[in-house]
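See structure below.
Numbering (our numbering), first residue to last: 56 to 207.
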């Protein structure tokens, strides 16, 4: 029983850690963007973009809808992490990554009305994104991997 509680707390803590890293990086960009905008690094440059939509700016201008979706997904993922006992570690990691990112972008939408994106890839033409987006995408890739792995 204690081992299950520790496992659940570990995965919830992972989500909180991702959320904090996401919020800290966005805070630093938001309050220093004049000093770091268009700063070229090796594979990417720092930009400052206010994203009023979701991925690839879909649903732009639908703040309430996107905020509600973030809240619903955050509650659902928290429930899955804390209450489901039949999940494997890959599922738990994927849910934790998705939860941390969803909560990070959701808080931005609720508080600011937009999501701060700042990572702009130099090597390909791709939309500007943030730490939460990375976490969500890695989580979805892990979840898809888990689904296909378990079907075999």
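All C-beta atoms, glycine included, are put in the ideal place defined by N, C-alpha and C.
Listed in chain order, the non-local C-beta contacts of residue 171 below 8 Å within the same chain comprise 81, 84, 85, 103, 104, 105, 106, 163 and 185, local neighbours out to five positions each way being set aside. Closest in C-alpha terms to residue 160, from the list 139, 187, 97 and 99, comes 187. In this structure, the alpha-carbon of residue 204 lies about 19 Å from that of residue 140.
Assignment of residue 181 by DSSP, reduced to helix, strand and coil, places it in the coil class. Selection 135, 113 and 178 evaluated against residue 70 yields 135 as nearest (Cα-Cα). Between residue 92 and residue 79, the beta carbon gap of about 18 Å keeps them out of contact (Cβ cut-off 8 Å).
At the C-beta level, residue 114 and residue 120 come within 9 Å of one another.
By a beta-carbon distance limit of 8 Å, residue 176 does not contact residue 150. Their separation comes to about 27 Å.
For the 9 Å CB-CB criterion, residue 165 and residue 190 do not form a contact.
Assignment of residue 117 by DSSP, reduced to helix, strand and coil, places it in the coil class.
Counting along the chain, the unbroken beta strand (DSSP E) around residue 99 starts and ends at 99-106. By the 16-neighbour rule on beta-carbons within 10 angstroms, residue 95 is exposed. Boundaries of the alpha helix (DSSP H) harbouring residue 203: 186-206, taken from the DSSP string.
The Cβ neighbour count for residue 152, taken over all protein chains shown within 10 Å, is at least 16; the residue is labelled buried.
The C-beta of residue 180 has fewer than 16 other C-beta atoms within 10 Å across all chains shown, which makes the residue exposed.
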